[in-house]
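S.K.: Input: one structure, supplied below.
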Amino acid sequence: MPRKEVRKDYIAPFQPAFPKAKILMRRPFDTGLEGDFGIYNDVFGDKSATKTWLNWIQNGGSYDQTQEQAALKAMPNA
């Protein structure tokens, strides 16, 4: 996954292309929240990974693949 600046470029075309769709992301990235994207659990069935995913939803966190602090935002109402 690229850093925030590139993620913005990746997701920008989706909303105008699909104005009536709720677009989902795999992680609660700040760029997804800014674009009113939804989120889905791509590790369903893996108890340990789902626990980590749920923690991101509740608390946000850092994204280790890009070393970005606070790239994952809490989405407790998701």
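Numbered by our numbering, the letters in the sequence shown go through residues 43 to 120 in order.
For glycine and all other residues, C-beta sits at the position ideal for the given N, C-alpha and C.
Note that this is a predicted model, so its numbers are computed, not measured.
Give the range of the alpha helix (DSSP H) segment to which glycine 74 is assigned.
M.R.: As a first step, residue 74 is located in the sequence shown; it is residue number 32 there, counting from the start. 72 to 76 is the span of the alpha helix (DSSP H), which, as asked, contains glycine 74.
S.K.: With DSSP run on the structure shown, which of helix, strand or coil describes isoleucine 65?
M.R.: Residue 65 sits at position 23 when you count from the first residue of the sequence shown. DSSP places isoleucine 65 in coil when its eight states are reduced to three.
S.K.: Which residues bound the alpha helix (DSSP H) around glutamine 16?
M.R.: Within the shown structure, residues of the chain are numbered from 43 to 120, placing residue 16 beyond reach of any answer.
S.K.: Count the other CB atoms, across all protein chains shown, that sit within 10 Å of the CB of arginine 69; report buried if there are 16 or more and exposed otherwise.
M.R.: As a first step, residue 69 is located in the sequence shown; it is residue number 27 there, counting from the start. Arginine 69 is buried by the Cβ-count criterion.
S.K.: Going by the DSSP bridge assignment, what does glutamate 110 pair with across the sheet?
M.R.: Within the sequence shown, residue 110 is the residue found at index 68, counting from 1. In DSSP, glutamate 110 forms a bridge with Tyr105.
S.K.: How is the alpha helix (DSSP H) around aspartate 84 delimited, first residue to last?
M.R.: Locating residue 84 in the sequence shown gives position 42, where the first residue counts as 1. No alpha helix (DSSP H) holds aspartate 84; DSSP gives it neither H nor E.
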